[in-house]
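These notes concern the structure reproduced below.
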Amino acid sequence: MEKKIMLTGIRSTGTPHLGNILSVIIPSVSIANKNAKHSSFIFIADLHSMIQMEKESISTIKNYTYQIAAAWLAFGLNIDNCLFYRQSDISSVTELAWYFNCFYPYKRLTLAHAFKKEIKEIDKKKISVGLFTYPILMAADILLYNAKLIPVGKDQLQHIEIARRIAYYFNKKIGKQLFVLPNAFLQKKMFVIGTDGTKMSKSKKNCINIFSSDEILKKQIMSIRTDSKSVKEKKNPETDYIISLYSLIAPVDKIEIMKKKYMKGGYSYFEAKIALYEYIIHKFSSERKKFFSFIKNKSLLDHILDSGAKKAKKIAEERLNFIRKHLKFNPII
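Per the working numbering, the very first residue in the sequence shown carries number 477; after that it's consecutive.
Here's what the structure looks like:
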(Lines of atoms letter the chains of each structure in order from A; the text may use other names.)
(Lines give C-alpha, C1' and ligand atoms only; values in the text may rest on other atoms or scores of the structure.)
Protein backbone atom coordinates (compact mmCIF):
# COMPACT_ATOMS: atom_id res chain seq x y z
CA MET A 477 0.00 0.00 0.00
CA GLU A 478 1.34 3.45 -0.99
CA LYS A 479 2.44 5.60 1.92
CA LYS A 480 0.77 9.00 1.66
CA ILE A 481 2.77 11.79 3.28
CA MET A 482 0.66 14.58 4.79
CA LEU A 483 2.23 18.03 5.24
CA THR A 484 0.89 21.29 6.57
CA GLY A 485 2.14 24.40 8.36
CA ILE A 486 1.11 27.74 9.85
CA ARG A 487 3.09 30.97 9.59
CA SER A 488 4.40 32.36 12.88
CA THR A 489 2.81 35.78 12.41
CA GLY A 490 0.54 35.68 15.44
CA THR A 491 -1.29 33.47 17.89
CA PRO A 492 -3.52 30.95 16.06
CA HIS A 493 -7.06 32.32 15.86
CA LEU A 494 -10.33 30.42 15.79
CA GLY A 495 -10.17 30.17 11.99
CA ASN A 496 -6.69 28.57 12.10
CA ILE A 497 -7.82 26.16 14.78
CA LEU A 498 -11.02 24.99 13.09
CA SER A 499 -9.74 24.90 9.52
CA VAL A 500 -6.14 23.72 9.98
CA ILE A 501 -5.10 22.59 13.44
CA ILE A 502 -8.00 20.35 14.52
CA PRO A 503 -8.43 18.48 11.20
CA SER A 504 -4.66 18.17 10.66
CA VAL A 505 -4.12 16.82 14.18
CA SER A 506 -6.82 14.24 13.49
CA ILE A 507 -5.09 13.12 10.28
CA ALA A 508 -1.57 13.19 11.77
CA ASN A 509 -2.53 11.15 14.83
CA LYS A 510 -4.23 8.48 12.69
CA ASN A 511 -1.61 8.43 9.94
CA ALA A 512 1.21 5.89 9.79
CA LYS A 513 4.19 6.71 12.01
CA HIS A 514 6.40 9.50 10.64
CA SER A 515 4.22 10.03 7.56
CA SER A 516 2.88 13.40 8.74
CA PHE A 517 4.95 16.59 8.66
CA ILE A 518 3.68 19.53 10.72
CA PHE A 519 5.87 22.62 10.61
CA ILE A 520 5.94 26.18 11.83
CA ALA A 521 6.50 28.32 8.74
CA ASP A 522 8.83 30.90 10.25
CA LEU A 523 10.65 31.46 6.93
CA HIS A 524 7.34 32.23 5.23
CA SER A 525 6.66 34.68 8.07
CA MET A 526 9.48 36.93 6.85
CA ILE A 527 7.88 37.89 3.51
CA GLN A 528 6.42 41.20 4.73
CA MET A 529 8.58 41.73 7.75
CA GLU A 530 9.48 45.09 9.22
CA LYS A 531 12.70 45.44 11.22
CA GLU A 532 10.81 45.84 14.47
CA SER A 533 8.97 42.54 13.92
CA ILE A 534 12.08 40.34 13.71
CA SER A 535 12.02 39.58 17.43
CA THR A 536 8.33 38.65 17.36
CA ILE A 537 8.73 35.65 15.04
CA LYS A 538 10.37 33.54 17.76
CA ASN A 539 7.66 34.45 20.25
CA TYR A 540 4.91 33.56 17.78
CA THR A 541 6.74 30.32 16.97
CA TYR A 542 6.29 29.27 20.59
CA GLN A 543 2.62 30.22 20.49
CA ILE A 544 2.00 28.23 17.30
CA ALA A 545 3.80 25.22 18.78
CA ALA A 546 1.85 25.46 22.03
CA ALA A 547 -1.44 25.61 20.11
CA TRP A 548 -0.71 22.46 18.10
CA LEU A 549 0.30 20.59 21.24
CA ALA A 550 -2.67 21.90 23.22
CA PHE A 551 -4.99 20.34 20.64
CA GLY A 552 -3.39 16.95 21.10
CA LEU A 553 -0.78 16.60 18.36
CA ASN A 554 1.01 13.29 18.95
CA ILE A 555 4.66 14.20 18.48
CA ASP A 556 5.66 10.53 18.67
CA ASN A 557 3.66 9.81 15.54
CA CYS A 558 4.59 12.81 13.36
CA LEU A 559 7.47 15.15 12.59
CA PHE A 560 6.88 18.54 14.24
CA TYR A 561 9.52 21.18 13.51
CA ARG A 562 10.49 24.74 12.60
CA GLN A 563 10.82 25.40 8.88
CA SER A 564 14.01 27.42 9.47
CA ASP A 565 15.75 24.38 10.99
CA ILE A 566 15.65 22.59 7.63
CA SER A 567 18.19 24.32 5.37
CA SER A 568 17.53 21.81 2.59
CA VAL A 569 14.20 23.50 1.88
CA THR A 570 15.81 26.81 0.89
CA GLU A 571 18.33 25.06 -1.35
CA LEU A 572 15.55 23.17 -3.11
CA ALA A 573 13.57 26.40 -3.46
CA TRP A 574 16.54 27.91 -5.33
CA TYR A 575 16.58 25.02 -7.78
CA PHE A 576 12.86 25.53 -8.36
CA ASN A 577 13.44 29.27 -8.90
CA CYS A 578 15.79 28.35 -11.72
CA PHE A 579 13.47 25.81 -13.33
CA TYR A 580 10.06 27.47 -13.07
CA PRO A 581 9.03 30.10 -15.68
CA TYR A 582 8.83 33.67 -14.35
CA LYS A 583 5.76 34.42 -16.46
CA ARG A 584 3.79 31.60 -14.85
CA LEU A 585 4.60 32.86 -11.36
CA THR A 586 3.26 36.33 -12.24
CA LEU A 587 -0.17 34.71 -12.65
CA ALA A 588 -0.42 33.78 -8.95
CA HIS A 589 -3.74 35.11 -7.64
CA ALA A 590 -2.56 35.47 -4.04
CA PHE A 591 0.33 37.74 -5.07
CA LYS A 592 -1.93 39.93 -7.20
CA LYS A 593 -4.33 40.27 -4.27
CA GLU A 594 -1.58 41.03 -1.77
CA ILE A 595 0.04 43.82 -3.81
CA LYS A 596 -3.30 45.62 -4.00
CA GLU A 597 -3.57 45.68 -0.22
CA ILE A 598 -0.06 46.70 0.87
CA ASP A 599 2.32 49.60 0.29
CA LYS A 600 4.24 48.98 -2.96
CA LYS A 601 7.49 49.91 -1.18
CA LYS A 602 6.97 46.97 1.18
CA ILE A 603 6.57 44.32 -1.52
CA SER A 604 9.47 41.88 -1.22
CA VAL A 605 10.88 39.33 -3.64
CA GLY A 606 10.03 36.79 -0.94
CA LEU A 607 6.34 37.65 -1.28
CA PHE A 608 6.53 37.07 -5.03
CA THR A 609 8.36 33.74 -4.70
CA TYR A 610 6.25 32.55 -1.76
CA PRO A 611 4.70 29.70 -3.84
CA ILE A 612 8.20 28.47 -4.75
CA LEU A 613 9.21 28.03 -1.11
CA MET A 614 5.84 26.43 -0.40
CA ALA A 615 6.47 23.98 -3.24
CA ALA A 616 9.88 23.16 -1.75
CA ASP A 617 8.27 22.48 1.65
CA ILE A 618 5.93 19.99 -0.01
CA LEU A 619 8.14 18.35 -2.62
CA LEU A 620 11.20 17.95 -0.40
CA TYR A 621 9.35 15.18 1.44
CA ASN A 622 7.29 14.02 -1.55
CA ALA A 623 4.17 14.96 0.39
CA LYS A 624 1.01 13.78 -1.31
CA LEU A 625 -1.76 15.07 0.95
CA ILE A 626 -1.85 18.83 1.61
CA PRO A 627 -4.75 20.17 3.73
CA VAL A 628 -5.57 23.65 2.39
CA GLY A 629 -8.34 26.19 1.96
CA LYS A 630 -9.69 27.28 -1.40
CA ASP A 631 -7.40 30.34 -1.36
CA GLN A 632 -4.36 28.02 -1.39
CA LEU A 633 -5.48 25.76 -4.23
CA GLN A 634 -3.47 27.63 -6.86
CA HIS A 635 -0.31 27.25 -4.76
CA ILE A 636 -0.77 23.48 -4.80
CA GLU A 637 -1.27 23.65 -8.55
CA ILE A 638 1.99 25.61 -8.83
CA ALA A 639 3.74 22.92 -6.76
CA ARG A 640 2.36 20.29 -9.14
CA ARG A 641 3.61 22.24 -12.16
CA ILE A 642 7.04 22.69 -10.59
CA ALA A 643 7.27 18.94 -9.97
CA TYR A 644 6.22 18.32 -13.57
CA TYR A 645 8.75 20.82 -15.01
CA PHE A 646 11.58 19.47 -12.85
CA ASN A 647 10.82 15.82 -13.63
CA LYS A 648 10.63 16.60 -17.34
CA LYS A 649 13.87 18.61 -17.35
CA ILE A 650 15.83 15.98 -15.44
CA GLY A 651 14.18 13.07 -17.22
CA LYS A 652 13.41 11.29 -13.95
CA GLN A 653 10.34 11.08 -11.71
CA LEU A 654 12.04 12.72 -8.74
CA PHE A 655 8.85 14.20 -7.33
CA VAL A 656 5.33 12.92 -6.86
CA LEU A 657 2.56 15.37 -7.75
CA PRO A 658 0.88 16.60 -4.53
CA ASN A 659 -2.89 16.79 -4.09
CA ALA A 660 -4.85 19.43 -2.20
CA PHE A 661 -7.10 18.10 0.52
CA LEU A 662 -9.99 20.51 1.04
CA GLN A 663 -11.27 20.52 4.60
CA LYS A 664 -14.91 21.00 5.51
CA LYS A 665 -15.88 24.27 7.19
CA MET A 666 -12.79 25.99 5.83
CA PHE A 667 -14.41 29.43 5.71
CA VAL A 668 -14.51 30.93 9.20
CA ILE A 669 -15.78 34.50 9.32
CA GLY A 670 -14.20 37.17 11.45
CA THR A 671 -15.91 39.76 13.61
CA ASP A 672 -16.63 41.90 10.52
CA GLY A 673 -18.17 39.09 8.46
CA THR A 674 -15.20 38.61 6.12
CA LYS A 675 -12.77 35.69 6.37
CA MET A 676 -11.00 35.64 9.73
CA SER A 677 -7.47 36.94 9.20
CA LYS A 678 -4.72 38.40 11.36
CA SER A 679 -4.08 41.09 8.76
CA LYS A 680 -7.71 42.25 8.92
CA LYS A 681 -7.66 42.38 12.72
CA ASN A 682 -11.03 40.63 12.85
CA CYS A 683 -9.91 37.56 14.79
CA ILE A 684 -11.29 35.70 17.76
CA ASN A 685 -8.34 34.35 19.70
CA ILE A 686 -9.31 31.61 22.13
CA PHE A 687 -5.87 31.84 23.74
CA SER A 688 -6.40 35.45 24.81
CA SER A 689 -7.27 36.35 28.37
CA ASP A 690 -10.97 36.05 29.24
CA GLU A 691 -11.26 39.84 29.14
CA ILE A 692 -9.73 40.24 25.67
CA LEU A 693 -11.65 37.25 24.29
CA LYS A 694 -14.92 38.74 25.52
CA LYS A 695 -14.01 42.10 23.99
CA GLN A 696 -13.32 40.44 20.62
CA ILE A 697 -16.66 38.64 20.66
CA MET A 698 -18.50 41.80 21.66
CA SER A 699 -17.05 43.50 18.57
CA ILE A 700 -18.88 41.13 16.18
CA ARG A 701 -20.93 43.25 13.79
CA THR A 702 -24.71 43.03 13.87
CA ASP A 703 -27.60 44.93 12.35
CA SER A 704 -29.56 47.56 14.29
CA LYS A 705 -32.58 45.43 15.25
CA SER A 706 -33.86 45.99 18.78
CA VAL A 707 -34.18 43.32 21.46
CA LYS A 708 -37.90 42.84 20.78
CA GLU A 709 -37.56 42.45 17.01
CA LYS A 710 -37.28 39.09 15.28
CA LYS A 711 -33.88 38.42 13.77
CA ASN A 712 -32.65 36.41 10.80
CA PRO A 713 -30.28 33.63 11.96
CA GLU A 714 -29.22 32.90 8.38
CA THR A 715 -27.45 36.24 7.94
CA ASP A 716 -26.12 36.71 11.46
CA TYR A 717 -22.38 36.51 12.15
CA ILE A 718 -22.79 35.42 15.78
CA ILE A 719 -24.80 32.32 14.88
CA SER A 720 -22.46 31.63 11.97
CA LEU A 721 -19.57 31.31 14.43
CA TYR A 722 -21.64 29.55 17.09
CA SER A 723 -22.69 26.95 14.50
CA LEU A 724 -19.05 25.98 13.91
CA ILE A 725 -18.45 24.87 17.48
CA ALA A 726 -21.76 24.18 19.25
CA PRO A 727 -23.88 20.99 19.06
CA VAL A 728 -26.95 20.99 16.80
CA ASP A 729 -29.48 21.23 19.66
CA LYS A 730 -27.88 24.38 21.08
CA ILE A 731 -27.69 25.95 17.62
CA GLU A 732 -31.39 25.27 17.02
CA ILE A 733 -32.32 26.80 20.39
CA MET A 734 -30.45 29.99 19.54
CA LYS A 735 -32.03 30.17 16.08
CA LYS A 736 -35.52 29.83 17.59
CA LYS A 737 -34.76 32.66 20.03
CA TYR A 738 -33.70 34.83 17.09
CA MET A 739 -36.86 34.14 15.11
CA LYS A 740 -39.16 34.55 18.11
CA GLY A 741 -37.82 37.95 19.16
CA GLY A 742 -37.06 39.22 22.64
CA TYR A 743 -33.48 37.97 22.40
CA SER A 744 -30.68 40.51 22.11
CA TYR A 745 -27.45 40.32 20.17
CA PHE A 746 -25.69 40.97 23.47
CA GLU A 747 -27.19 37.78 24.91
CA ALA A 748 -26.14 35.84 21.80
CA LYS A 749 -22.58 37.15 22.12
CA ILE A 750 -22.46 36.15 25.78
CA ALA A 751 -23.69 32.67 24.82
CA LEU A 752 -20.92 32.42 22.19
CA TYR A 753 -18.29 33.65 24.64
CA GLU A 754 -19.37 31.22 27.37
CA TYR A 755 -19.45 28.29 24.98
CA ILE A 756 -15.96 29.04 23.67
CA ILE A 757 -14.67 29.19 27.26
CA HIS A 758 -16.43 25.88 28.00
CA LYS A 759 -15.50 24.03 24.80
CA PHE A 760 -11.83 24.98 24.78
CA SER A 761 -11.22 24.99 28.53
CA SER A 762 -8.77 22.06 28.44
CA GLU A 763 -6.89 23.36 25.39
CA ARG A 764 -6.51 26.81 26.92
CA LYS A 765 -5.04 25.38 30.11
CA LYS A 766 -2.58 23.24 28.14
CA PHE A 767 -1.62 26.18 25.92
CA PHE A 768 -0.73 28.43 28.85
CA SER A 769 1.16 25.58 30.51
CA PHE A 770 3.30 25.05 27.39
CA ILE A 771 3.93 28.80 27.01
CA LYS A 772 5.37 28.85 30.52
CA ASN A 773 7.79 26.05 29.57
CA LYS A 774 9.61 27.31 26.47
CA SER A 775 12.56 24.97 27.07
CA LEU A 776 10.17 22.04 26.61
CA LEU A 777 8.85 23.57 23.38
CA ASP A 778 12.42 24.02 22.13
CA HIS A 779 13.20 20.40 22.97
CA ILE A 780 10.10 19.14 21.13
CA LEU A 781 10.80 21.25 18.03
CA ASP A 782 14.51 20.39 18.02
CA SER A 783 13.72 16.68 18.23
CA GLY A 784 11.27 16.94 15.34
CA ALA A 785 13.75 18.95 13.28
CA LYS A 786 16.46 16.34 13.80
CA LYS A 787 14.23 13.63 12.29
CA ALA A 788 12.93 15.86 9.49
CA LYS A 789 16.44 17.08 8.66
CA LYS A 790 17.72 13.53 8.19
CA ILE A 791 14.93 12.75 5.72
CA ALA A 792 15.34 16.13 3.98
CA GLU A 793 19.10 15.75 3.50
CA GLU A 794 18.73 12.24 2.11
CA ARG A 795 16.14 13.52 -0.36
CA LEU A 796 18.26 16.55 -1.26
CA ASN A 797 21.32 14.39 -1.89
CA PHE A 798 19.22 12.28 -4.25
CA ILE A 799 18.16 15.46 -6.09
CA ARG A 800 21.72 16.87 -6.10
CA LYS A 801 22.95 13.63 -7.63
CA HIS A 802 20.64 14.14 -10.62
CA LEU A 803 21.81 17.76 -10.89
CA LYS A 804 25.43 16.52 -10.96
CA PHE A 805 26.26 18.27 -7.67
CA ASN A 806 28.32 16.77 -4.86
CA PRO A 807 26.35 15.29 -1.96
CA ILE A 808 25.97 17.08 1.34
CA ILE A 809 28.52 15.68 3.76
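Quick reminder that beta carbons are idealized off the backbone N, C-alpha and C, glycines included.
Since we're looking at a predicted model, the values are computed, not measured.
So if DSSP puts residue i in a beta bridge, which residue, or which two residues, is it bridged to?
i	result
A521	R487
S516	M482
V728	In the DSSP output, where bridge partners are listed per residue, V728 has none listed.
I669	K675
Just to confirm before moving on: does the CB-CB distance between residue i and residue j stay below 8 Å?
i	j	result
S723	I731	yes
I686	F760	yes
I771	Y621	no
L483	D565	no
I780	E793	no
T671	I684	yes
E763	A615	no
Y644	L657	yes
F579	K480	no
F661	I626	yes
L553	I507	no
G606	I700	no
I718	K749	yes
G741	K708	yes
Y755	A726	yes
A547	P492	yes
D690	I757	yes
N647	K624	no
G495	M734	no
R584	R640	no
Counting only beta-carbon separations shorter than 8 Å, does residue i have a partner in chain C?
i	result
L633	Looking for chain C here will not work: only one protein chain is present.
Does DSSP put residue i in a helix, in a strand, or in coil?
i	result
A660	strand
Y561	strand
I566	coil
E532	Note that E532 has pLDDT 47, beneath the 50 cutoff, so the model's placement of it is unreliable and the number below is only indicative. E532: helix per DSSP, three-state reduction.
V628	strand
K675	strand
I780	helix
I757	helix
V500	helix
K766	helix
Q543	helix
L572	helix
N577	helix
E709	coil
Y743	coil
E793	helix
Q696	helix
G651	coil
N509	helix
K772	coil
I638	helix
K736	helix
E714	coil
F687	coil
L803	coil
F798	helix
I808	coil
Ordered along the chain, which non-local residues of its own chain (more than five positions away) have a Cβ less than 7 Å from that of residue i?
i	result
K652	H802
N577	T609, I612
I520	G485, I486, S488, T541, I544, A545, R562, Q563
A573	I612, L613, A616
G490	Y540, K678
E532	Summary for E532: the model assigns pLDDT 47, below 50, so the residue's position carries little reliability, and this model does not support an answer.
D522	S488, I537, T541, R562, Q563, S564
L654	F646, N647, I799, H802
I501	P492, A547, W548, F551
Does the beta-carbon of residue i, which I'm using as the reference point, lie nearer than 7 Å to any heavy atom of the ligand SAH?
i	result
Y644	In the structure shown, the ligand SAH is absent, as is every other ligand, since no ligand is present at all.
Looking only at its own chain, which residues have a Cβ that is under 6 Å from the Cβ of residue i, when we skip the five neighbours before and after it?
i	result
I603	I595
Q634	H589
K513	N557
K766	A550
M739	K710
F560	I518, G784
I534	none
K789	I566
H524	R487
Just to confirm my understanding: we take residue i, look at its own chain, exclude 5 residues before and 5 after, and list those with CB closer than 8 Å. What are they?
i	result
K680	G670, D672, T674
N797	P807, I808
R795	S568, L620, Y621, N622
Requested in this report: Let me know the alpha helix (DSSP H) ranges lying completely inside the stretch 582-635, each 4 residues or longer, listed in chain order.
Outcome: Positions of the alpha helix (DSSP H) runs, each at least 4 residues long and wholly inside the stretch 582-635, are given as 582-585, 589-597, 605-608, 610-619 in order along the chain.
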